[in-house]
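Participant: For the sequence shown, my numbering assigns the number 2 to the initial residue and increments by one for each residue that follows.
Positions of the beta carbon are idealized from the N, C-alpha and C atoms, including for glycine.
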Amino acid sequence: MQQLKNKLNILQSYEIEIDITHNPYDFAVTDLFKMAARINKKRQFLFVSTVLGKHLAVRPQVPLLTGNLLAMMYYQRLVDQEVNSITSIVQALKTFNEQDDLQLSMDACMTLPEETLFIGFAETATALGHAVFNTFQSNAMYIHTTREVLPDFEPFVTFEEEHSHATSHNIYTEEPEKLLHAKRIILIDDEITTGNTVVNIINTLRRKFPLVKHYTVLSILDWRSEQQQAVFKQLEEKWHVSVDFIAIMGGHFSCGGTPLLTSSQKRAMECVAQDISLLPIKETGERRYYRSIAENGLENREPYMLATGRFMLTSEQHSKQKDALQAIAKQLKKLRTHGPALVIGTGEFMYVPMQIAAYLGKDVYFQSTTRSPIYCTNHEDYTITEKIAFECPENNGVENYLYNVQSHPYSELFVIVERIANKEILARFVKALQSVSNAKIYVVCMHEVEEE
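1. Thinking C-beta only, is Asp-27 closer than 7 Å to Lys-6?
2. With 16 other CB atoms within 10 Å as the buried threshold, where does Gly-362 fall?
3. Kindly confirm or deny that the segment 112-126 and the segment 88-100 touch, where touching means at least three C-beta pairs closer than 8 Å.
4. Between the beta-carbon of Met-447 and the beta-carbon of Met-306, is there less than 7 Å?
5. Per DSSP, which one or two residues make a beta bridge with Asn-7?
6. Count Cβ pairs between the segment 250-264 and the segment 229-241 that sit closer than 8 Å; are there 3 or more?
7. Could you say which of Thr-386, Met-73, Glu-192 and Leu-434 lies nearest to Ser-265 if we only look at CA atoms?
8. I want to know whether the segment 394-404 touches the segment 290-302 - three or more CB-CB distances under 8 Å.
9. Given Val-418, which residues of its chain have a CB within under 8 Å of its CB, disregarding the five upstream and five downstream residues?
10. Report buried or exposed for Lys-35, applying the criterion of at least 16 other Cβ atoms within 10 angstroms of its Cβ.
11. Mapping DSSP to helix, strand and coil, what is Leu-280?
12. Count the other C-beta atoms from every protein chain shown that fall within 10 angstroms of the C-beta of Asn-439, then say buried if there are 16 or more, exposed otherwise.
13. Out of Phe-246, Gly-54, Leu-103 and Ile-375, state which residue places its alpha-carbon closest to the alpha-carbon of Thr-217.
14. Would the beta-carbon of Leu-66 fall within 7 Å of that of Ala-29?
15. Does the segment 365-379 come close enough to the segment 52-62 to have 3 or more Cβ pairs within less than 8 Å?
16. Within a Cβ cutoff of 8 Å, which residues of the same chain sit near Arg-60, ignoring the five residues on either side of it in sequence?
17. Tell whether a beta-carbon distance below 7 Å holds between Glu-413 and Ala-358.
18. On the three-state DSSP scale, how would you describe His-131?
19. Quick one: what does DSSP say Leu-1 is sitting in, helix, strand or coil?
20. Which first and last residues belong to the alpha helix (DSSP H) in which Gly-455 is found?
21. In angstroms, rounded to a whole number, what distance separates the CA positions of Tyr-383 and Glu-287?
22. Tell whether a beta-carbon distance below 7 Å holds between Tyr-352 and Ala-128.
23. At which residues does the beta strand (DSSP E) containing Tyr-404 begin and terminate?
24. What's the gap between the Cα of Lys-95 and the Cα of Thr-31?
25. Who are the Cβ neighbours of Arg-302 in its own chain at under 6 Å, not counting the five residues just before and after it?
26. Are Val-49 and Ala-37 close, meaning C-beta to C-beta below 7 Å?
27. Report the rounded CA-to-CA distance for Glu-453 versus Leu-151, giving the unit in angstroms.
28. Starting from Ala-58, trace the alpha helix (DSSP H) both ways and give me its first and last residue.
29. Buried or exposed, going by whether 16 or more other CB atoms sit within 10 Å of the CB of His-170?
30. Is Ile-385 near the ligand MN, going by C-beta to nearest heavy atom under 6 Å?
31. Please work out which residues of its chain come closer than 7 Å, Cβ to Cβ, to Leu-212, disregarding the five sequence neighbours upstream and downstream, and give them in chain order.
32. Using only CA atoms, which one of Ala-183, Leu-180 and Phe-233 lies nearest to Asn-201?
33. Does DSSP put Gln-138 in a helix, in a strand, or in coil?
34. Please state whether DSSP places Asn-171 in a helix, a strand or coil.
35. In the DSSP assignment, what are the bridge partners of Glu-300?
36. What number of angstroms, rounded off, separates the C-alpha of Gln-435 from the C-alpha of Ile-442?
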């Protein structure tokens, strides 16, 4: 394809020039991302995805269809045969038309020829990886990496991530012998910048999976340089494996100027919040009982949901767990009024609330809290203009953020939390939401909470 240059302003005196060299479905740059400055000494800018449902609110069908698209691209490469439904997915992502019915038709619509393990990267790509996995009805397993520390559970795999505030990733599984049945491994992330994280994890995985000779990396964006791409050719020969990269868009970028980060940024409130009532959920599916230790040392003994894929899901298990998610959505749908609603996931806990949001029907949006500190300013045409800061309700001691909520006239906000570590800290998050939105706020907890 013809190489396309895009020059995008991030802030005054700070811009990025992007050469698009790979764009098989002719997406506009802004179809997939916008730019923002980041409060991070390692890298001071961020590609803010418009299709991921992380930093910006989207219809939940958008990230689910994005995962379907990557799954179809992988399958097309695997069987060396054109997949006709790709055209419909691309059209839906570009035009926002007929997304609901199309996304439902993509659930478990394809079969893989051999056992395949899909691994989503925390925190940003846990739902994206799950959406890829959701496309296949058999011979598929899903697990996502996590930054949570489970002191009673030896990690199956640990590796380090580049360019991140929290670099250590763990993989926990109760059934390592089942994972080891995999013949192929698929790694899913929203963006590949240098490929160094991929090198780290494949180098770790190949020792655990000596029989796996085929790795594929799926991403929305791939910014590796030619030199960085050549590294993988060398590693393929050295490790005697194949490593394929499949991305929706790829190219190279260079930044010019220096970001002037002058605006004062909101910090988490150290206030006493009113007690909050939690919406009781009748059915949440299977659970796993492990304690975790938050970054402030607080112990959390509340159960995890099997449906997240944190401990591994097979296609068959996934299908059963989705019945529980539909039941939750049916319960929440009774609370809907006229007007748009926002479903909010927390940190790594993205796919479950995203799927619930998709079941809620029209005029429902989804986004997730994040530990990524994006610079917020009201400069004209800047991406992140609103920000609330709060302590993570599940992993206490970590400051989290939610962006661009205030300017949307939501009728309801559904905050869906997997495990509440401390009800007071969750109440502060709700108070922060109340400070920027007049919407009715429902806090949905995936476990029973004892009355204090």
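Facilitator: By the coordinates alone:
1. no
2. exposed
3. no
4. yes
5. Ile-19
6. no
7. Thr-386
8. yes
9. Thr-347, Phe-350, Pro-394, Glu-395, Leu-427, Val-444, Val-445, Cys-446 and Met-447
10. buried
11. strand
12. exposed
13. Phe-246
14. no
15. yes
16. Phe-97, Gln-100, Val-365, Tyr-366 and Phe-367
17. no
18. helix
19. The structure shown does not extend to residue 1, since the chain spans only 2 to 453, so no value can be given for it.
20. Coverage of the chain is limited to positions 2 through 453, which leaves residue 455 absent and any answer about it impossible.
21. 43 Å
22. yes
23. 400-404
24. 10 Å
25. Arg-292
26. yes
27. Reliability fails at Glu-453, whose pLDDT of 49 lies under 50, so the model's placement of it is uncertain and the value that follows must be treated cautiously. Going by the C-alpha atoms only, they are around 25 Å apart.
28. Neither: Ala-58 is in no alpha helix (DSSP H) and is coded neither H nor E.
29. buried
30. The ligand content of the structure shown is nil, which means the ligand MN is not present either.
31. none
32. Phe-233
33. strand
34. strand
35. Ile-294
36. 8 Å
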